[in-house]
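Structure, as structure tokens:
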Amino acid sequence: MKLFQFKRLRTKILAGFSIIILLVIGFGLYNFLSQEKVNKDTESIVSEQLPLLIADERAAFTIAEMIALTRGYVIYGDPEYLEQFDQYAEELEEMEKTILALSDNEQVKQLVEKGDEWETTVRDQVFDVYKNGNEDQAISNLSLQVKPLARELMNGFNEMAEHRESEIKSVGDGLVTSGKTTQLTSVAISILVAVLGILIAIMTARMITNPVSRVMKRMKLVAEGDLSHEPLKVHSRDEVGQLVTAVNQMNENMRELVTEITSVSTTVSGQSEELSQSANEVKEGSNQVAVTMEELSSGSESQANTTTDLAASMAGFTDKIKEAHENGNTIHEKSERVLELSEEGNRMMNSSITQMNKIDSIVKNAVDKVKGLDNQSKEISKLVGVIKDIAEQTNLLALNAAIEAARAGEQGKGFAVVADEVRKLAEQVSSSVTDITGIVTSIQEESGSVAEALQGGYDEVENGTAQIKTTGKTFDGINYSINEMVDSVTVITGNLTSIVEKSGQMSQSIEDIAAVSEESAAGIEETSASIQQTSSSMEEIAGRSTELSKLAENLNELIGRFKV
1 MKLFQFKRLR TKILAGFSII ILLVIGFGLY NFLSQEKVNK DTESIVSEQL PLLIADERAA
61 FTIAEMIALT RGYVIYGDPE YLEQFDQYAE ELEEMEKTIL ALSDNEQVKQ LVEKGDEWET
121 TVRDQVFDVY KNGNEDQAIS NLSLQVKPLA RELMNGFNEM AEHRESEIKS VGDGLVTSGK
181 TTQLTSVAIS ILVAVLGILI AIMTARMITN PVSRVMKRMK LVAEGDLSHE PLKVHSRDEV
241 GQLVTAVNQM NENMRELVTE ITSVSTTVSG QSEELSQSAN EVKEGSNQVA VTMEELSSGS
301 ESQANTTTDL AASMAGFTDK IKEAHENGNT IHEKSERVLE LSEEGNRMMN SSITQMNKID
361 SIVKNAVDKV KGLDNQSKEI SKLVGVIKDI AEQTNLLALN AAIEAARAGE QGKGFAVVAD
421 EVRKLAEQVS SSVTDITGIV TSIQEESGSV AEALQGGYDE VENGTAQIKT TGKTFDGINY
481 SINEMVDSVT VITGNLTSIV EKSGQMSQSI EDIAAVSEES AAGIEETSAS IQQTSSSMEE
541 IAGRSTELSK LAENLNELIG RFKV
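Taking the UniProt record's numbering, the leading residue of the sequence shown gets 1, the next gets one more, and so forth.
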């Protein structure tokens, strides 16, 4: 049920209490108006009706006294009766003024006028006549004129008194009825105010505690790693609604983050296996190249020794031309053998160049994959940073909610406890994010080390490739020189005279061959050393790849705690 749609929780609470206060004010206003009516009716009785009743009764009594005094004066002629009559006449006049002041009824005015006429009649027809010595006439006037008029006046005042008494009784009955009605209405309104107050308090409490309870349950599920539930529905726009929205956003962000981390971790694991396989392939290729280099080194040493022997033979060639002619066929055979070895070495060198190009491609691919792995690890760090920001925001919202609960006083204690639980859960999420950050940082450090190792291995492979290409070119030169040497030996065998003439040139050529052979041997040794270093780097890369695969498995175990 929607009670209020305010943007602030404090406004909702104040609105609920305001309604209760307005009901109390309305109840007080009703009581005030009812009491005011009672007071007016009571004041009317006390200040108008009751004085009129008293005045009417006293007027009737005064007239009766005045009649008695008149009769006594006529009978006894005592002047004291006349003085008392005058005193009562003054009192009657005061009472008539009071009656006229309190009532503007026409009947009252006529009755007062008759009283004045009656007093004048008494004075003129009784007292004056009696004073003139006509006692019998005075008694007759008293009986025939004064007494009937006096009875009429007395009856009039008595009727007015009875009328006043009836009005007072009617007003009194009305006051009693009004008092009972007010009493019943007050009880009904009090019950209504209490019921409405309780309903508003219950609705306000439910409006606050129900969403907060749902948020607390959802945060417990998130803390347990269950992110598979649908977002919480919220209709309010206050702090509680903002808290529910923030929890929904946090749940959705963590779900996306866990999904992304799972995907990245799977990719890391797969690429680690590929990297390990590539490292093993590079290692095997390096071993093959090392064997080839050993064979090339052996051939180069043999070639260098043969060239040295040839140079020694050429030193005595000029003095022993005949012996050289006899041994020419032998030299020719050995030159052909050297040519075969040179061609075999050239083929092996071309194979080595091909293997080095493959190693170069494999290592370059491994470097690119490790760099991509490092970039994905950085993306994980960014996602972990987003989770940390969300946890901090949740913690801040929980702190604001606790502040608002503290402002609400007793009504907000339950909400303060819930806000504190939300803050603790946010801190637990932040701690988990810190653990994930440590693992991702370790992955980044390991992937950086692997990238550096691969880069170093790739540089060495490039150097080895360049050197072995140079060695290949040297082998081409050796092969070409040996071909020329064979041709020269053939020419020497066929024409010793020409050999003698060109012996100096041949000696120089042999020296060049010896130098080239020595350089080839040195280059092969350097290439062999580079290959050994490459093999060592591949072993290190394989070890790093294994560690990276284990880290990826650990990350998968951590992510496996979450249910998306």
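Beta carbons: idealized from backbone N, C-alpha and C, even for Gly.
Cβ neighbours of residue i in the same chain (closer than 7 Å, five flanking residues each side left out)
i: ALA426; result: ALA391, THR394, ASN395 and ALA398
i: LEU3; result: Per-residue confidence for LEU3 stands at a pLDDT of 48, beneath the threshold of 50, marking its modelled position as unreliable; no derived number is given.
i: VAL129; result: GLN137, ALA138 and ASN141
i: ARG544; result: GLU446, SER449, VAL450 and ALA453
i: LYS371; result: ALA451
i: VAL244; result: PRO211, VAL215, LEU232 and VAL234
Contact set for residue i: own chain, Cβ-Cβ below 8 Å, skip 5 residues either direction
i: VAL193; result: ILE20, LEU23, VAL24 and PHE27
i: TYR88; result: THR62, GLU65, MET66 and LEU69
i: ASN556; result: THR262, SER265, THR266 and SER269
i: VAL108; result: ILE99, LEU100 and MET160
i: ASN350; result: GLY472
i: ASP78; result: GLY72
i: LEU196; result: ILE19, ILE20 and LEU23
i: ASN483; result: LEU339
i: SER213; result: VAL418
i: LYS378; result: GLN444
Cβ neighbours of residue i in the same chain (closer than 6 Å, five flanking residues each side left out)
i: MET1; result: Residue confidence for MET1 is low, a pLDDT of 45 falling below 50, so the modelled location carries little weight; the figure read from the coordinates is stated next. Around MET1: no qualifying Cβ.
i: GLN271; result: LYS369 and LEU373
i: PHE85; result: MET66 and LEU69
i: ARG10; result: none
i: ARG423; result: ASN395 and ALA398
i: TYR73; result: TYR81 and LEU82
i: GLN125; result: ASN141 and GLN145
i: ILE388; result: Strictly speaking, residue 388 in this sequence is Lys, with Ile absent from that position. Closer than 6 Å at Cβ, skipping near neighbours: VAL433.
Rounded Cβ spacing between residue i and residue j (contact assumed at less than 8 Å)
i: SER34; j: THR177; result: About 12 Å separates the two Cβ atoms, so there is no contact after all.
i: GLN428; j: ALA223; result: 6 Å
i: LEU102; j: LEU153; result: Wrong, their Cβ atoms sit about 18 Å apart, outside the cutoff.
i: residue 568; j: ARG151; result: This structure cannot settle anything about residue 568, because the visible part of the chain is limited to 1 through 564.
i: SER549; j: GLU274; result: That pair is no contact at about 10 Å.
i: LEU551; j: ILE439; result: 7 Å
i: GLY409; j: THR209; result: That belief does not hold up - the Cβ atoms of GLY409 and THR209 are roughly 16 Å apart, past 8 Å.
i: SER352; j: GLY457; result: No, SER352 and GLY457 are not in contact; Cβ-Cβ is about 18 Å, not under 8 Å.
i: ASN287; j: THR493; result: About 44 Å; that fails the 8 Å criterion.
i: GLU519; j: THR474; result: 6 Å
Host alpha helix (DSSP H) of residue i (start-end)
i: ASN141; result: 135-141
i: LEU100; result: 79-102
i: GLY115; result: 106-121
i: VAL126; result: Segment: none, VAL126 is in no alpha helix (DSSP H) and carries neither H nor E.
i: ASP56; result: 50-76
Euclidean distance between Cα positions of residue i and residue j
i: ALA246; j: GLU260; result: 21 Å
i: ASP420; j: ALA402; result: 7 Å
i: residue 567; j: THR490; result: Only positions 1 to 564 of the chain appear in this structure, which leaves residue 567 out of reach.
i: GLU326; j: ILE362; result: 55 Å
i: ALA312; j: GLU511; result: 10 Å
i: ASN463; j: ARG218; result: 60 Å
i: THR354; j: SER278; result: 17 Å
i: ILE75; j: ILE54; result: 31 Å
i: LYS469; j: THR441; result: 41 Å
i: GLY115; j: PRO51; result: 19 Å
i: GLU404; j: LEU383; result: 31 Å
i: ILE189; j: GLU239; result: 34 Å
i: PHE127; j: PHE32; result: 59 Å
i: GLU252; j: LEU227; result: 8 Å
i: LEU92; j: TRP118; result: 12 Å
i: VAL122; j: THR42; result: 40 Å
i: LYS220; j: MET250; result: 13 Å
i: GLU106; j: PHE17; result: 57 Å
i: ASN554; j: ALA366; result: 23 Å
i: ILE436; j: VAL386; result: 12 Å
i: LEU149; j: PHE157; result: 12 Å
i: TYR480; j: GLU343; result: 10 Å
i: LYS131; j: SER143; result: 17 Å
i: LYS37; j: GLU162; result: 25 Å
Residue-level contact to chain D via CB, residue i, 8 Å cutoff
i: GLN242; result: No chain D appears in this structure, which consists of one protein chain only.
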